[in-house]
Structures are given as C-alpha cells and as structure tokens.
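In this note's numbering, the protein residues as written are 398 to 513. Ideal Cβ positions, reconstructed from N, Cα and C, are used throughout, including at glycine.
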C-alpha cells in the first residue's frame, strides 16, 4: 500500500524524500551501544559517538517494512546481526554499514534488501 501511495505522490510531482519522512517514524539517535532496529523507522547514527565497534540487530519484519539508517559514524563500525541484509541482488550479504552513508532497507520477498 505504501508503494502505491509513493507512486501516486511522485506522479503528481512530489519529492519521495518528503513522503518517506512523513510515513516513517523517527527513532532516537543512536548512542554508544548495540541496539535492535525498529521497522518503519529512520535512525540517525551520529559521528564521534562510538568508543568501539557496535552491532545493530535487524528484526524479522514482514514484506513491505522499511528501515532507514543515516550513518555518519566514521571512527568505528556498525555491524549487522539478526536477520540477514542483502544487496538488491538478494545474494550478496551486507555485514556492516559504510561510514557517511545513508541506507534504505526494505523487506522484499522475505529478505531485507538495501534499496538505494
């Protein structure tokens, strides 16, 4: 359903970034700790926050769920655990988030896939 709303919004000249921000909740900024991601949320991973590598546990989720990460941490790595995350090919597993990179991760055909 959300995909149809987005398509209609784009068809009338809307900006997809603005509709994403209206459909998804903002989760509190990450702190210096491991955490479990929440579906249909955006999470900011600020720079100079971590004192060691940390882990994000991906939830099971259902098709259509979306999670956004805005990773500005460059001193240490955020690794991914729990449910696997794949590139769009559905084969290549992603084990960590690159620094200074934004991610839109969608549950498609039973797999978390990086959509951007």
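Among the residues of its own chain, which have a CB less than 6 Å from the CB of residue 501, if the five just before and after it don't count?
465, 512, 513
Using alpha carbons as the reference points, say which of 461, 483, 447, 477 lies closest to residue 504.
461
Among residues of its own chain, excluding the 5 on either side of residue 437, which ones have a beta-carbon nearer than 8 Å to its beta-carbon?
420, 421, 422, 462, 463, 464
Where does residue 408 fall in DSSP's three states?
helix
Is the distance from the Cβ of residue 424 to the Cβ of residue 435 below 8 Å?
yes
Tell me which residues share the same chain as residue 418 and place their Cβ nearer than 8 Å to its Cβ, disregarding the 5 neighbours each side in the sequence.
Confidence at residue 418 is low in this model, with a pLDDT of 47, below 50, so the placement of that residue is unreliable and no value is reported for it.
Taking 6 Å as the limit between beta carbons, can you name the residues of its chain near residue 433, skipping five residues before and five after?
454
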